[in-house]
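Protein chains in written order, with the working numbering: chain A, 1 to 352; chain B, 353 to 704. Every residue, glycine too, gets a C-beta built ideally from N, C-alpha and C. Given the structure is predicted, the values throughout are model-derived calculations rather than measurements. What follows is a short report on a single structure.
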DNA sequence: GCGGTTCAGTGAACCGCTTCAGTGAAGCGG
DNA sequence: CCGCTTCACTGAAGCGGTTCACTGAACCGC
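The following block contains the structure:
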């Protein structure tokens, strides 16, 4: 998780303090030690075109001197950094927090690492951050897009290995896409609510510009028509406090919706909060459904009905796709992740 | 948040794919455009010892060519990266997730960025990750230490600007320390519980090696003796699922504790989970207190009594300290952050 | 008109590693 | 023994900036 600004005035940050250039051994020192050229050492350290015996000698000398390769010099010379950029639409979203941390933890078991940044639901920020990551020469860029339709993705795809998570990026030649089958979850949710007799449904969706569930919105509307459900769609921040505020005003309207369908668990938490303030009982007066299944959702009273996108499954798919794209230079097809319904206690039959 | 392995075999990650060396303009191109030397351009772009008029000319040319400085080359040449390393003891901890994301978001408003990594409560991992960050030439290293006593911090302090969050690092010449006054919170918690008549208290503390609250443990024991409270201290993972497991076994013992004091909200969530499984009512049968005040804690039933360490306050203090250390090369004294008690509904009088 | 500053700008070394073209020696088949 | 390939390794040119020592011109007071 990380980084604030993309570029900023390049002058700042270059102040007084001279870095402690503690003389760390370089490849040249090893060359001297072993009587080889620095080129040979470079090859040997990477196990390239050098006989095993020499490799051993070099590695031994390296260990003896406490040599550790300088990733910066290496990146400059080779054009590769071993770093994967992860650009999240909003790290306020608890699902994304978990995803980012899981991804970072397991990223390609050892050799690469992840640089995780937060677009904070802002499309402009998203563009500048992705530029920032490209400047940092990330070998691949994993994104949960704020705005999948942005033209700049095409650019990014040209400059690096681009992997989309959540929504596909229609305009870009992505190396892989791990897409959520939002439609399935949304359909299930609406049918569930309708089955319980709810016809006035409040839909809270992250935004305004956060599009993580954009395709879901279309589906929601169509399905609502089919099922004869009246929808009140509100966009709101994907975080407890902001969502609560929106929910408070939405729940004060007449006729009051009898169910709320939230396209993120964090938002559902906000609804719980608002309901408590307003003296609205869940699920008697208001049924609530979420989206994500954050670990805490089970614990609420009543426990939250929601749809789980298994973080581990998604992370594994991403890691595998990135690996394949980087190693074989082949793009893979789209992976569809299906939601796992978690029907719990926050939904009950509509009164009337 | 990020990165998996510190070094790993350097050979891997260097595979087939040749990086798209799209010819981006360099400083040399600007030099040609303007008829200046590349040195002059370098100075001008950074606003150094060059008259305003020339600066303008250079910047104009840079814009025209779409020039963007290469941070890697810059880092290699200058020894400074503009990146701050943030090493969290455990990003499973919800407080740390929030802290990391806040820190990343506001880090030094523009010019620097944060590289956030997760030690996953493992002291060895912590050492190797901090080496990794130093290799990446971070300008400063902010750490929530797993093991404040580790000798390697002294080393890190020598190599970069080191800022400790949570616990002080006794052995290291840190540039700043933002320390939590755990003692205050712990004392308040124990007194509160004792005041309600609890004498059998289960203490769940993150670990086993996670020392974020180590000083608190000592205080807890002393105070317990004073107050004549029997303590049962258990270390457990700082995450809902792991904590629940420990809690389940601890709550099955006889005599059953009448109160649980958890040194992280995530752990308290685990206790809620376990209590529900075991049919133990909160707060009638078991009082629970947490530590952190995660946004969700208010929402649980009953709402969790806990101690808030305001993420924004801590993040702001850290940002300010880092800035000062980097710009003026002066270390600042220790900042003590005091907890804000949030007494809510998860504590009640002990029966009997 | 002269020594001394300041100013604007230059040339080249350098950061530490990668990589390409090439070299001398050994090994090989005939 | 010759020509050819293979092997083990080297020299040097980058990668794209930063920085240091220095220069020539303008300017200063006297």
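Partner residues on chain B for residue i, Cβ-Cβ distance less than 8 Å
i: residue 67 (chain A); result: Correct list: empty, because the minimum Cβ distance to chain B is about 11 Å.
i: residue 101 (chain A); result: 353, 443, 444, 449 and 470
Separation of residue j from residue i, as counted between CA atoms
i: residue 569 (chain B); j: residue 650 (chain B); result: 25 Å
i: residue 515 (chain B); j: residue 84 (chain A); result: 26 Å
i: residue 612 (chain B); j: residue 254 (chain A); result: 44 Å
i: residue 538 (chain B); j: residue 198 (chain A); result: 48 Å
i: residue 480 (chain B); j: residue 669 (chain B); result: 27 Å
i: residue 365 (chain B); j: residue 422 (chain B); result: Low per-residue confidence applies at residue 365 (chain B): pLDDT is 37, beneath 50, and the placement is therefore not dependable enough to give any value.
i: residue 231 (chain A); j: residue 238 (chain A); result: 20 Å
i: residue 627 (chain B); j: residue 675 (chain B); result: 45 Å
i: residue 617 (chain B); j: residue 236 (chain A); result: 26 Å
i: residue 45 (chain A); j: residue 476 (chain B); result: 24 Å
i: residue 18 (chain A); j: residue 511 (chain B); result: Residue confidence is low: residue 18 (chain A) scores 39 on pLDDT, short of 50, so the model does not pin down where it sits. No coordinate-derived value is stated.
i: residue 319 (chain A); j: residue 294 (chain A); result: 21 Å
i: residue 609 (chain B); j: residue 556 (chain B); result: 12 Å
i: residue 599 (chain B); j: residue 642 (chain B); result: 14 Å
i: residue 573 (chain B); j: residue 619 (chain B); result: 19 Å
i: residue 656 (chain B); j: residue 311 (chain A); result: 27 Å
i: residue 176 (chain A); j: residue 336 (chain A); result: 11 Å
i: residue 171 (chain A); j: residue 153 (chain A); result: 7 Å
i: residue 660 (chain B); j: residue 485 (chain B); result: 30 Å
i: residue 380 (chain B); j: residue 388 (chain B); result: 9 Å
i: residue 320 (chain B); j: residue 180 (chain A); result: For residue 320 (chain B) there is no data in the structure shown, the boundaries of chain B being 353 and 704.
i: residue 195 (chain A); j: residue 225 (chain A); result: 15 Å
i: residue 456 (chain B); j: residue 193 (chain A); result: 39 Å
i: residue 360 (chain A); j: residue 603 (chain B); result: The requested residue 360 (chain A) does not occur in the structure, where chain A is confined to residues 1 to 352.
Contacts that residue i makes with chain A (C-beta to C-beta distance below 7 Å)
i: residue 553 (chain B); result: Under the 7 Å cutoff, chain A gives no residues; its nearest Cβ is about 22 Å from residue 553 (chain B).
i: residue 489 (chain B); result: 72
Cross-strand partners of residue i (DSSP beta bridge)
i: residue 200 (chain A); result: A:230
i: residue 436 (chain B); result: B:466 and B:492
i: residue 179 (chain A); result: A:166 and A:336
i: residue 260 (chain A); result: A:202 and A:288
i: residue 411 (chain B); result: According to DSSP, residue 411 (chain B) bridges with nothing at all.
i: residue 67 (chain A); result: Per DSSP, none; premise fails for residue 67 (chain A).
i: residue 306 (chain A); result: A:342
i: residue 246 (chain A); result: BP columns for residue 246 (chain A) are empty, so no partner.
i: residue 235 (chain A); result: A:205
i: residue 513 (chain B); result: B:492
Integer Cβ distance of residue i from residue j, believed to fall under 8 Å
i: residue 143 (chain A); j: residue 87 (chain A); result: 4 Å
i: residue 471 (chain B); j: residue 502 (chain B); result: About 11 Å separates the two Cβ atoms, so there is no contact after all.
i: residue 326 (chain A); j: residue 139 (chain A); result: 6 Å
i: residue 378 (chain B); j: residue 413 (chain B); result: With 8 Å as the limit, residue 378 (chain B) and residue 413 (chain B) do not qualify as a contact, their Cβ atoms being about 12 Å apart.
i: residue 428 (chain B); j: residue 156 (chain A); result: So it is not a contact: roughly 25 Å between Cβ atoms.
i: residue 101 (chain A); j: residue 449 (chain B); result: 7 Å
i: residue 244 (chain A); j: residue 273 (chain A); result: 4 Å
i: residue 206 (chain A); j: residue 169 (chain A); result: Rounded, the Cβ-Cβ distance is 18 Å, inconsistent with contact.
i: residue 640 (chain B); j: residue 666 (chain B); result: Contact doesn't hold; Cβ gap of about 24 Å is too wide.
i: residue 59 (chain A); j: residue 178 (chain A); result: With 8 Å as the limit, residue 59 (chain A) and residue 178 (chain A) do not qualify as a contact, their Cβ atoms being about 38 Å apart.
Buried/exposed call for residue i, threshold 16 Cβ in 10 Å
i: residue 358 (chain B); result: The predicted position of residue 358 (chain B) is uncertain, since its pLDDT is 36 and thus under 50; a value taken from the coordinates is nonetheless stated next. So residue 358 (chain B) ends up on the buried side.
i: residue 350 (chain A); result: buried
i: residue 384 (chain B); result: exposed
i: residue 499 (chain B); result: buried
i: residue 554 (chain B); result: buried
i: residue 433 (chain B); result: buried
i: residue 401 (chain B); result: exposed
i: residue 329 (chain A); result: exposed
i: residue 338 (chain A); result: exposed
i: residue 601 (chain B); result: exposed
i: residue 519 (chain B); result: buried
i: residue 698 (chain B); result: buried
i: residue 700 (chain B); result: buried
i: residue 145 (chain A); result: buried
i: residue 113 (chain A); result: buried
Proximity test, residue i beta-carbon vs the ligand GTP heavy atom, cut-off 7 Å
i: residue 350 (chain A); result: Among the components of this structure there are no ligands whatsoever, and the ligand GTP is therefore not found.
Residue i: contacting residues in chain A (beta-carbon distance under 8 Å)
i: residue 621 (chain B); result: 295, 296 and 299
i: residue 625 (chain B); result: 298 and 299
i: residue 593 (chain B); result: 295
Residues that residue i contacts on chain B, provided the C-beta gap is smaller than 7 Å
i: residue 75 (chain A); result: 424
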